[in-house]
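Undergrad: Below you'll find the structure I mean.
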Amino acid sequence: MTSRLIVCAAALATALAACAPADTGPATAGHVAVTVAPITLSGVTDACYTLSVSNGVPETVWTRTNVCANAYGDGAGSVSYVGTCDAAAGAALNTISLTLDALYDQNGEIATGSYQNPTASGALTQKITCLEGRDVAVDFDLTVMRMATQGFFDVAVTFEDIFCSAKFDCEDPAGDPILLLADDTGTRSPTAILALACTGGPGADTVLHMSNLVVSCPSRADLVIDPTGGPGNLSAAPSPVVPNATLFEAAVYRGVEQLGSYNKRYWNVALGLDDVTGCTLAATATASDGDFTDGWTPPGTTWPYIVFAAELDTCGRHQLNGGDGVVSTDYTGLAGIAFAAQFGAGGVTYDASWWDPAWRFQRVLDVAAGATPLTADSTFTFTFDHAALVAAGQSLASGDDVRLLRWNGAGFDELDRVALTGWDSGAVTLAFSPAAAIGANVTDSDYVLAYGNAAAGAPPADGRQVYWLWEDFDDGDFTTGNVWTANHGTWDVTGGYARLVNPSGSDSFEAGLYYPGGAAWTDYEVSMRIRDASTGGSSYPGPALRVANPATNATSLWWFEYYRATTQATMRPFVNNTDYSWSYNVALPAAFPSNAWVTTEYRVVGDRFWSWYEGSVLHDGVTAAVAHRIGAGSIALGAHNGYPTPQEFHYDDVRVWKHLPNPPTITLGAITAH
-12 MTSRLIVCAA ALATALAACA PADTGPATAG HVAVTVAPIT LSGVTDACYT
38 LSVSNGVPET VWTRTNVCAN AYGDGAGSVS YVGTCDAAAG AALNTISLTL
88 DALYDQNGEI ATGSYQNPTA SGALTQKITC LEGRDVAVDF DLTVMRMATQ
138 GFFDVAVTFE DIFCSAKFDC EDPAGDPILL LADDTGTRSP TAILALACTG
188 GPGADTVLHM SNLVVSCPSR ADLVIDPTGG PGNLSAAPSP VVPNATLFEA
238 AVYRGVEQLG SYNKRYWNVA LGLDDVTGCT LAATATASDG DFTDGWTPPG
288 TTWPYIVFAA ELDTCGRHQL NGGDGVVSTD YTGLAGIAFA AQFGAGGVTY
338 DASWWDPAWR FQRVLDVAAG ATPLTADSTF TFTFDHAALV AAGQSLASGD
388 DVRLLRWNGA GFDELDRVAL TGWDSGAVTL AFSPAAAIGA NVTDSDYVLA
438 YGNAAAGAPP ADGRQVYWLW EDFDDGDFTT GNVWTANHGT WDVTGGYARL
488 VNPSGSDSFE AGLYYPGGAA WTDYEVSMRI RDASTGGSSY PGPALRVANP
538 ATNATSLWWF EYYRATTQAT MRPFVNNTDY SWSYNVALPA AFPSNAWVTT
588 EYRVVGDRFW SWYEGSVLHD GVTAAVAHRI GAGSIALGAH NGYPTPQEFH
638 YDDVRVWKHL PNPPTITLGA ITAH
């Protein structure tokens, strides 16, 4: 059956009549109706998009460029288009991707520098299950932000019918400190001012939204300013957060002005600066016509918002999008973000429905795939400065509060994540497995890093949910969690590692401790620790990869062999029990030690292989000879058979993960405070 993918811009009932003829698609398919809302910026006469559909493999079902509103819609941003999706078993989770390519007005194409494209960093995506013979609806809504020609302060932006201006100033126009708030002596002293003002279109119900303001200083706990306080000085409030060593005072000012039929609201926060050496301020804000639900930007919409990120000891005058990064604009992902407070016709409220209010900070992770699609069984890594968060009092030194979330369309799922480095450092690396496949050249912005809960318990950190194989042998046996087969030799678990004692046999090597769960593995990477504790004669430890046949006296595998107390090493192929001996010899940077742990790493891709020893490259993309080639297979641990006893070998911290020819680019977004 042929499916229909309907991309429409207005109400589906009116748009279907304008839909174009269907693209041909997969033999097993369903019907998908995708709605793209019209762009409502004044003066826009046309918008052009690129549309793409990929299945759950993931494979591209189709891609179409130059899908323009003048040809397929209303001429102002809405489009209608018919395509296909794939409902085949194992492939039915389809990804619909949308990229805004250009906007036009009566004078031609609008200069890209005059607006921010919400798809500039990657296509917007929606995932649907393609159902054979049935319709599934998907909505896209792009809110485009354009530089305004008027502003309440210095510079303004406009999106849809909402005009906003913002700035952050510590100096007056003459370059002198702003002296506004009075310190405890009654003297007006240096003050920083965060200012936001917005208005909707004629008759609009303008609502402002703002996060908590978070002031972070070295060696002090974060200072969180609730913008719903006041109006006036916050030192007068019950249980005030000021004065303190950082701020001698803080004040909040809110108000409404009716400019003809335009409803303008402003929301300003003043901070009296005391000792702010090394201190930073973080906050976010936006506006809307009407309330958000529970403080969240509309789901399925790329909503514009303003990011404040200031260094309080060096700040001057900072206008919106002034190029210094202090006050800038950004877009939410389709999952949206939450704002702690809002100010509208109903007054000021504090009602954000965040994943868990105990976690005070969130940062969106943009996961951008390259030219190769990324499957859900991949392992991703990213690095961030955790020490800075600890020093600012924003995160625990243990890292227990650092959590990884993914928006599922209705709420957040918490994912397992494992730290590959120690915590409280400037370069902590986390590994996680994606919750869903990501198509080629698609950015998934549904991932969130959350932190800032001083009472956080143990996080979900099961490496078996992140890697193809994660084995630390802490379970004490070979059957709890991961199931291994003691295929040859005498094996046990002692001291939290796997131990092989006195291997013997007629062949030089056998697949001693074999992992049967990886029989179908093809291109993968491995890391582990090895210790040779032998004291009798020569000894040769090392793991086997591409174990296609682990049977004794019938092996097919690639054995990476090391000769203790020497610098000699090799990759030694066995194919149908033919031992090709020392075929791919290399020299270690130092002699393989006795009774000391070493870290080794490996990669097998097609007919090529790599190996590393203590971080040094040994084999670098070597192509196996035709007679030595093995297409797939798991891993095994072992050592050379038959050398004088006592022989003893230890293995630990075995990791196996899928090889990614084009790993994703992962970028951390701005901090949102709760």
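Numbering (our numbering), first residue to last: -12 to 661.
Glycine included, each C-beta is placed from N, C-alpha and C at the ideal position.
1. What are the uninterrupted segments assigned as beta strand (DSSP E) that are 3 or more residues long and contained completely in the segment 473 to 549, given in chain order?
2. Starting from Leu376 and walking both ways along the alpha helix (DSSP H), at which residues does that stretch end?
3. Restricting to Cα atoms, I'd like to know which of Thr116, Thr106, Arg616 is closest to Asn81.
4. Quick one: give me the first and last residue of the beta strand (DSSP E) that Ile115 is part of.
5. In whole angstroms, what separates the C-alpha of Gly162 from that of Val389?
6. Mapping DSSP to helix, strand and coil, what is Ala345?
7. For Ser385, count neighbouring Cβ atoms within 10 angstroms of its own Cβ and tell me buried if that reaches 16, exposed if not.
8. Would you decide whether Ala297 is buried or exposed? Buried here means 16 or more other CB atoms lie within 10 Å of its CB.
9. Which of the three DSSP states, helix, strand or coil, is assigned to His646?
10. Excluding the 5 residues preceding and the 5 following Asp262 in the sequence, name in chain order all residues of the same chain whose CB lies nearer than 7 Å to its CB.
11. Given a cut-off of 8 Å on the beta-carbon distance, is the pair Leu38 and Leu87 in contact?
12. Return helix, strand or coil for His305, following the three-state DSSP convention.
13. Would you identify the three-state DSSP class for Thr587, choosing helix, strand or coil?
14. Please report how far the alpha carbon of Thr522 lies from the alpha carbon of Gly625, in whole angstroms.
15. Assuming Asp281 contacts Ala191 (C-beta within less than 8 Å), just tell me the rounded distance between them.
16. With a CB to CB cut of under 6 Å and the five nearest residues on each side skipped, what residues in its chain are close to Ile658?
17. Quick check on Val613: does DSSP put it in helix, strand or coil?
18. Report the residue from Ala325, Met515, Gly43, Pro490 whose alpha carbon sits nearest the alpha carbon of Ala671.
19. Could you compute how far the alpha carbon of Asn199 sits from the alpha carbon of Phe279?
20. Who are the Cβ neighbours of Ser493 in its own chain at under 6 Å, not counting the five residues just before and after it?
21. DSSP three-state label for Arg350, please.
22. Excluding sequence positions up to five away, which residues of its chain have a Cβ less than 6 Å from the Cβ of Phe139?
23. Which partner residues of His196 appear in the DSSP bridge assignment?
24. Can you name the start and end residues of the beta strand (DSSP E) that Ala437 belongs to?
25. Give the straight-line distance between the Cα atoms of Trp508 and Ser621, rounded to the nearest whole angstrom.
26. On the three-pair Cβ rule with 8 Å, is the segment 364 to 380 touching the segment 643 to 656?
27. Identify, in the order they occur along the chain, each residue of the same chain with its Cβ nearer than 7 Å to the Cβ of Asn53, setting aside the five sequence neighbours on each side.
28. For Ser365, which of helix, strand or coil comes out of DSSP?
29. Can you look up Thr659 in the DSSP assignment and give me helix, strand or coil?
30. When the distance is taken between beta carbons, is Tyr240 closer than 8 Å to Asn255?
31. Which value, in whole angstroms, describes the spacing of the CA atoms of Ala574 and Trp290?
32. For Ser(-10), count the other beta carbons within 10 Å of its own beta carbon; 16 or more makes it buried, fewer makes it exposed. Which is it?
33. Should Tyr677 and Leu544 be called a contact, given that it needs their Cβ atoms to be closer than 8 Å?
34. Contact defined as beta carbons within less than 8 Å: I believe Phe295 pairs with Leu181. What is the distance between those atoms, to the nearest angstrom?
35. Should Leu166 go down as buried or exposed, given a rule of 16 or more other Cβ atoms within 10 Å for buried?
36. Using only the alpha-carbon positions, how far apart do Thr654 and Leu352 sit?
TA: The relevant details are as follows:
1. 477 to 481, 484 to 488, 511 to 519, 528 to 536, 543 to 549
2. 373 to 378
3. Thr116
4. 111 to 116
5. 40 Å
6. coil
7. exposed
8. buried
9. coil
10. Ala232, Thr233
11. no
12. strand
13. strand
14. 17 Å
15. Not quite, the Cβ-Cβ distance comes to about 21 Å (not below 8 Å), so this is no contact.
16. Ala269, Phe348, Arg350
17. helix
18. For residue 671 there is no data in the structure shown, the boundaries of the chain being -12 and 661.
19. 17 Å
20. none
21. strand
22. Unreliable positioning characterises Phe139 in this predicted model, as indicated by a pLDDT of 31, which lies under 50. The coordinate reading is nonetheless provided below. For Phe139, where only same-chain residues beyond five positions count, the Cβ hits under 6 Å are Ser152, Ala184.
23. Thr273, Gln329
24. 430 to 438
25. 6 Å
26. yes
27. Cys35
28. coil
29. strand
30. yes
31. 57 Å
32. Only weak support exists for where Ser(-10) lies, its pLDDT of 30 falling under 50; the coordinates are left without a value.
33. Examination of residue 677 is not possible in this model, given that the chain is present from -12 through 661 alone.
34. 6 Å
35. exposed
36. 6 Å
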